[in-house]
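Asks: Protein chains in written order, with my numbering: chain Z, 1 to 506; chain V, 1 to 327; chain L, 1 to 322. Where a beta carbon is used, it is the ideal one built from N, C-alpha and C, also for glycine. Below you will find the structure I want to go over with you.
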Amino acid sequence: MGPQPPATVMTDSLLEMRGISKSFVGNPALIDVDLAVRRGEVHSIVGQNGAGKSTLMNVLAGVLRPEAGEIRIDGRRIAIANTADALRLGIATVYQELSLLANLSVAENIFLGRTPLRGMLIDRRKMEADARAVLEQVGCGDVDPRLPVGALPLARRQFVEIAKALSHEPSVLVLDEPTAPLGREEADRLFRIVAALKARGVAIIFISHRFAEILQHGDRVTILRNGRVVETLDMNGVTEAMLTERMIGGSAESFYAAHHPPEIADATPAAELRNIGLAGRLRDVSLAVPAGRIVAFTGLLGAGQNELARILGGDVVPDQGEVTRAGKAVDHDPRAAIRAGLCLLTEDRKAEGLFLDLSVRENITLPSLGALLRHGIIDGAAERRAVARSIDQLSIVATPTAPMRTLSGGNQQKAILARWLLRDLAVLVLIEPTRGIDVGAKADIYRDLEALARLGKAIVVISSDVPEVLGIADEIVVFVAGVIHARFVRGQVTEEELNLAIQGKE
Amino acid sequence: MTGNANAMARILPRLRHHGARSLGTLAVAVLMFAGFSLTAERFGSLPNILNLAKQMSIVGVLGIGMTPVVLIGGIDLSVGSVVLLGGTVAGALLMDGAAAWLAIPAAILTGALVGAGNGWLIERLRVSPVIVTLATMIAVRGLGLVGLERFRSWIDVSNPTFDALGVGSIAGIPASAAILLVIALLGIAVLRLTIFGRQLYAVGDNEAAARLSGVAVTRVRIAAYVICGAMAGVGGILSMVRTAVVSPSIGVGLEFSAITVVVLGGARLSGGVGRIEETLVGTAILVMVLNFLTINGIPGTWQTTVTGALILLAVLLKRGLAYRSAR
Amino acid sequence: MNDAIGRVFGFAARHALGLSLVLLILVFGTLEGSFLTPANITSLIDQSAIFAVLAVGATFGIISRNIDIAPASVIALADVVAALTLKGGFGFLAGLAAAAITTVAIYAGHGALIAWFELDPLIVTLAAWIWARGLAVSFTNASTIPFHSDFVTVMNAPMLLNLTPAVVVAVAVFGIGHMVLRHTPLGLHTYALGQDARLLRQAGVNPARAKLAIFLFMGVTTAVGAILMLARIGAAAPTAGFGLELDAIVAVIIGGTSFKGGSGRIANSLFGVAFIAVLNNGLSGLQMGDPEFLLLKGLAILAALLLDATGRRLADRKTAIE
């Protein structure tokens with residue numbers, strides 16, 4: 001077995017993770033990952049969706065336990081058996097998805113798990129006073145800690161999350177995509193807080209896919225790809241291109257698949273959205289979706305692009321307006337949408353796309369069974385043939401009879417895409433289609449979308465990944481606060497301009 | 001290419017486990033039969049086996065009806081009361097001079113209507129099926145008893161068709177067991193070969209995904225409850241065939257036996273997993289256990305306790321197996 | 001004009017059940033001369049003490065998404081154990097202790113099965129619904145075992161405003177339930193579990209331990225119910241309390257606590273208890289046969305649930321448009 005590493009070593013790192021490995025149902029998520037973070041350092045972690053960033057942070061936070069590897073703080077080996085351990089050891093995490101309970105008050109949320117007591121009852125006065133103090137630290141001194149979290153807007157909730165983490169007085173703070181719901185001013189406020197923490201010697205791990213932020217505020221950066229560490233770099237002299245190259249293991253052009261749109265622009269749009277309104281989300285949005293193109297919707301979290309996509313796909317009923325195909329209005333429900341030639345793939349495939357305990361075959365053929373009938377019952381042979389063709393077309397690595405649960409994220413997404421391809425629809429609406437899948441599968445999907453567009457289908461992609469949007473879209477529509485703020489055509493916008501547009505600036 | 005080989009290596013063991021669940025329950029049933037026969041001489045005798053077959057018929061039919069409901073993640077606690085109501089409707093028709101070919105479909109239709117009512121209420125109220133069907137369980141039993149009062153709370157069933165079904169047999173199989181078998185085969189065919197069958201599994205596995213895939217989720221769910229009610233109606237007929245009476249106590253507690261056999265068969269209460277073949281095996285297991293107890297002189301009052309304990313045991317075992325295979 | 005009608009309609013929708021309760025009281029009052037007499041009202045309140053206590057436990061269960069349909073069967077079993085203890089010559093205190101211990105032990109077992117073995121609460125409590133009452137029947141050979149004790153006499157003697165001590169106990173349980181739900185960490189965990197157990201874990205709390213704590217609390221409230229039942233009947237009857245769990249759960253739902261979990265209040269359940277109590281008392285006062293009673297009660301519960309659901313949907317739609 002070899003000599004054991006000593007329990008305590010001399011080091012200048014506050015936090016060290018060594019040899020961390022973790023897999024899910026046979027699919028490896030982290031392979032032998034090393035990470036070292038110093039006191040007072042802002043250490044960024046970058047990687048594609050599905051590279052392992054969140055898994056690594058979940059291991060650190062005590063949500064997951066690794067199969068191999070060790071974690072040390074100040075050179076001392078520690079064991080993190082659960083989330084309480086992590087917090088006790090001074091590791092606080094601001095999760096990517098908000099971890100606040102909407103029905104509880106701000107103070108109750110901040111002190112959940114260590115509520116101050118007077119006897120057996122909650123000491124509300126102390127709890128609220130303490131909450132006010134820590135909210136002050138994040139510039140939210142005006143928030144009433146008695147308010148239910150659900151009553152606060154998304155951006156404020158993010159700061160409550162940060163306050164919650166800070167109230168643990170951590171020595172290591174993990175920020176997972178903290179600026180996703182924030183506008184420019186609020187993001188600046190966040191970085192001021194980060195600077196103050198740096199000065200106090202807190203080690204900060206900063207996960208983001210916004211290169212501008214990383215280049216501006218980071219001290220070092222670690223790049224992950226497919227569960228492994230590619231490299232750890234000092235930010236001096238690092239460029240975006242360097243980061244991208246390491247993230248995807250190649251050049252950006254080949255990754256996003258060069259797209260040559262047909263010369264003649266088709267006059268009739270594949271679908272139209274007319275005067276769409278949705279309370280609190282969208283205001284009088286009208287848009288034509290062209291055939292044979294890939295159109296990307298993008299914007300900050302909550303800007304309305306997701307809701308518009310769901311309305312287009314028939315999932316959500318708008319308060320006003322209509323969706324039309326060939327001039328005829330389509331009812332606002334999935335069955336009608338599918339009959340009219342529209343389909344929707346959502347960002348949460350586990351909750352809305354996958355039938356985990358059904359076979360891959362059953363997953364793919366569900367909407368198309370009507371065409372596979374013979375004498376009123378399902379024709380098994382025809383079904384098997386159709387599925388074999390789909391698996392081949394999209395290079396899905398799976399046996400048709402395997403339960404969907406056993407596939408990797410990338411193959412699962414491909415199977416959902418196969419489902420809709422089999423149905424042969426005119427308009428495909430995909431929300432964050434490459435979230436949480438490996439680089440190889442991503443490249444495959446980009447290639448497939450490209451091929452579909454060339455076949456004349458209208459592809460609508462909702463994505464918050466700016467490089468992805470720039471790489472694959474023929475047209476880009478930027479949403480800000482429920483309206484269309486800007487529109488760009490491929491090749492006529494830079495990343496900086498697009499980022500500004502997303503922030504609401506010109 | 002290596003990617004494919006790796007995937008195969010990962011997937012094959014899981015494939016085996018998937019089918020293992022059904023085979024495992026079947027193995028338990030076979031072992032149980034062997035064990036009981038060896039321990040109690042009378043158990044394995046032909047007359048007792050025929051007896052077991054007959055005893056399986058009512059619970060089995062109800063279990064087959066409960067299976068689609070459990071598949072969509074629901075539950076129907078009113079089937080025992082529907083057995084009474086169906087029996088009352090059929091019995092009343094017979095007493096008023098109607099023929100069997102009218103009375104029998106009437107009972108089934110009654111059950112289907114109650115099922116439709118259950119399904120509609122559950123969809124409308126968006127409250128747990130447990131609560132809705134508990135309430136209908138009470139209301140429907142009341143309705144059945146009210147109807148029975150017209151006949152002084154007792155109907156003697158004397159009808160040539162019913163008599164024939166009670167004593168007759170086809171190729172040595174008692175008529176009621178044959179009916180169970182036919183219904184089972186029909187059910188298996190529907191679940192495996194029809195679009196509706198696939199949609200049931202899809203809705204039970206992931207309702208949101210099913211909806212986005214164009215499945216008429218509400219209709220599928222209500223249909224499941226209609227089937228369950230209709231099968232309970234058949235149960236009412238079979239009950240009349242077995243005892244030749246309609247009395248206030250028929251069907252009491254049957255809903256729990258029905259749920260037990262579905263769970264014993266390996267189905268998941270949260271939906272998406274379950275098969276009619278497995279429910280049949282579960283029925284066999286329940287009937288064998290209760291029969292074995294009776295043969296050994298354990299009083300009937302213990303039957304309820306044993307049924308409840310069996311449910312717990314079955315679920316614990318499943319959890320234990322799932323835990324082990326995940327490692 | 002339209003606006004006024006709209007507002008009345010909105011009010012009616014939001015308070016559909018409150019208005020129904022008033023309607024029920026009026027209907028019963030008209031149909032039965034004796035309904036609104038002080039004697040009947042005190043009787044009504046006395047009769048609802050037991051399922052009111054169960055409603056407190058059910059509130060916690062529903063908010064935390066741990067449905068529990070076992071309490072009535074567990075009470076039947078616990079009371080049988082108590083009566084047998086008394087019969088064995090151990091004194092009434094030992095009997096009451098036996099009832100309490102049996103109940104809490106079963107609930108602790110359920111909590112362990114659900115929290116650590118991750119079994120579905122429905123199936124575990126459904127199994128208990130079956131086996132607990134089955135055991136009660138088997139132990140007593142389907143007959144009643146008396147529980148003669150001064151305790152029973154005292155509990156049935158009028159104490160405050162002609163109400164029995166059982167009512168005082170029920171009010172106390174409601175008060176304690178409210179305190180625990182709103183002002184203790186256990187209450188916070190109850191709401192958290194109902195929304196998302198994952199978020200509880202991220203805050204450093206072990207969800208399994210939280211679930212167990214909730215089940216223990218439900219066990220304690222059910223134990224109080226068992227003791228009250230023993231006092232009410234003065235015996236252990238294996239068929240006692242049949243349907244009480246439904247009364248309790250329906251009371252909580254009608255009171256406004258959503259079945260989806262994560263929200264709700266004890267005070268709301270009080271209203272639901274009043275509704276069911278009026279329903280029970282009014283229906284039995286109409287002197288009908290068992291069959292008719294069952295039919296009407298079942299229909300009434302369904303109607304109340306429908307009214308609640310429809311009223312809330314209309315109210316939501318109205319506020320969305322405004």
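In the DSSP assignment, what are the bridge partners of residue 178 of chain L?
Replies: In the DSSP output, where bridge partners are listed per residue, residue 178 of chain L has none listed.
Asks: Which runs of the beta strand (DSSP E) at least 3 residues long sit entirely within the region 163-190 of chain V? Give them in chain order.
Replies: none
Asks: Looking at C-beta atoms only, is the number of pairs between the region 98-118 of chain L and the region 217-232 of chain L that lie closer than 8 Å three or more?
Replies: yes
Asks: Mapping the DSSP letters down to three states, classify residue 143 of chain L as helix, strand or coil.
Replies: It is coil, neither helix nor strand.
Asks: Can you name the residues of chain L whose CB is closer than 9 Å to the CB of residue 312 of chain V?
Replies: One finds 113, 119, 123, 124, 127, 128 and 131 in chain L with Cβ atoms closer than 9 Å to the Cβ of residue 312 of chain V, taken in chain order.
Asks: With a Cβ-Cβ cutoff of 8 Å, do residue 160 of chain L and residue 168 of chain L count as a contact?
Replies: yes
Asks: Using beta-carbon positions only, say whether residue 276 of chain Z and residue 246 of chain Z come within less than 8 Å of one another.
Replies: no
Asks: Since residue 23 of chain Z is in the beta strand (DSSP E), which residue starts that stretch and which ends it?
Replies: 13-24
Asks: Under the three-state reduction of DSSP, which class applies to residue 237 of chain L: helix, strand or coil?
Replies: coil
Asks: Going by the CB atoms, is the gap between residue 291 of chain Z and residue 270 of chain Z shorter than 8 Å?
Replies: yes
Asks: Contact defined as beta carbons within less than 8 Å: I believe residue 427 of chain Z pairs with residue 341 of chain Z. What is the distance between those atoms, to the nearest angstrom?
Replies: 6 Å
Asks: Once the 5 residues before and after residue 189 of chain V are set aside, which same chain residues still bring their CB inside 6 Å of it?
Replies: none
Asks: According to DSSP, simplified to helix, strand and coil, what is residue 3 of chain V?
Replies: Confidence at residue 3 of chain V is low in this model, with a pLDDT of 48, below 50, so the placement of that residue should be treated as unreliable; the coordinate-derived value is given next. Residue 3 of chain V falls in the helix class under three-state DSSP.
Asks: By the criterion of Cβ-Cβ separation under 8 Å, what are the contact partners of residue 323 of chain V in chain Z?
Replies: Within 8 Å Cβ-Cβ: nothing; residue 323 of chain V doesn't reach chain Z, min ~14 Å.
Asks: Starting from the Cα of residue 485 of chain Z, find the closest Cα among Z/414, Z/492 and Z/500 and give me that residue.
Replies: Z/500
Asks: Anyone know if the C-beta pair for residue 166 of chain Z and residue 194 of chain Z falls short of 8 Å?
Replies: no
Asks: Considering only C-alpha positions, which residue in the set Z/39, Z/40 and Z/23 is nearest to residue 32 of chain Z?
Replies: Selected option, being the one with the closest Cα: Z/23.
Asks: Between residue 308 of chain Z and chain V, is any beta-carbon pair separated by less than 8 Å?
Replies: no
Asks: Buried or exposed for residue 186 of chain V, going by 16 or more other Cβ atoms inside 10 Å?
Replies: exposed
Asks: Using a C-beta cutoff of 8 Å, does residue 47 of chain L count as contacting chain Z?
Replies: no
Asks: Taking only runs of the alpha helix (DSSP H) that begin and end inside the region 233-308 of chain Z, which ones reach a length of at least 4 residues, in chain order?
Replies: For the region 233-308 of chain Z, the continuous alpha helix (DSSP H) assignments of 4+ residues that do not extend past its boundaries occur at 240-248 and 252-256, in sequence order.
Asks: Since residue 142 of chain L meets chain V, which of its residues come closer than 9 Å, beta carbon to beta carbon?
Replies: 301
Asks: Between the Cα of residue 323 of chain V and those of L/35, L/118 and L/262, spot the shortest distance and give me the residue it belongs to.
Replies: That would be L/118, whose Cα lies nearest to the Cα of residue 323 of chain V.
Asks: Using 8 Å as the limit for Cβ to Cβ distance, is residue 2 of chain V near chain L?
Replies: Low local confidence applies: a pLDDT of 47 at residue 2 of chain V is under 50, so the model's placement there is unreliable, and no value is given.
Asks: Find the nearest neighbour of residue 47 of chain L within the set L/191, L/216 and L/164, judged by alpha-carbon distance.
Replies: L/164
Asks: Measuring CB to CB, does residue 45 of chain Z end up less than 8 Å from residue 294 of chain Z?
Replies: no
Asks: Is the shortest distance between the beta-carbon of residue 123 of chain V and the beta-carbons of chain L less than 8 Å?
Replies: Chain L contact via Cβ: absent.
Asks: Residue 322 of chain L CB to nearest chain Z CB: under 8 Å?
Replies: Because the pLDDT of residue 322 of chain L is 43, which lies under 50, any placement of that residue in the model is unreliable, and the number read from its coordinates should be weighed accordingly. Answer no: the Cβ-Cβ gap between residue 322 of chain L and chain Z never drops below 8 Å.
Asks: Going by alpha carbons, who is nearest to residue 458 of chain Z out of Z/411, Z/268 and Z/160?
Replies: Z/268
Asks: Which residues of chain L have a Cβ atom closer than 9 Å to the Cβ of residue 63 of chain Z, listed in chain order?
Replies: 198, 201 and 202
Asks: Under 8 Å between the Cβ atoms of residue 231 of chain L and residue 151 of chain L?
Replies: yes
Asks: Under three-state DSSP, which class holds residue 88 of chain L?
Replies: Here residue 88 of chain L sits in coil by DSSP.
Asks: Would you please verify whether the beta carbon of residue 273 of chain V is less than 8 Å from any beta carbon of chain Z?
Replies: Interface criterion met: the Cβ of residue 273 of chain V is under 8 Å from a Cβ in chain Z.
Asks: Expressed to the nearest angstrom, what Euclidean distance is found between the alpha-carbon atoms of residue 137 of chain V and residue 80 of chain V?
Replies: Distance between the alpha carbons of residue 137 of chain V and residue 80 of chain V is about 8 Å.
Asks: Would residue 251 of chain L and residue 55 of chain L be called neighbours here (beta carbons separated by less than 8 Å)?
Replies: yes
Asks: Cβ of residue 213 of chain V less than 8 Å from any chain Z Cβ?
Replies: yes
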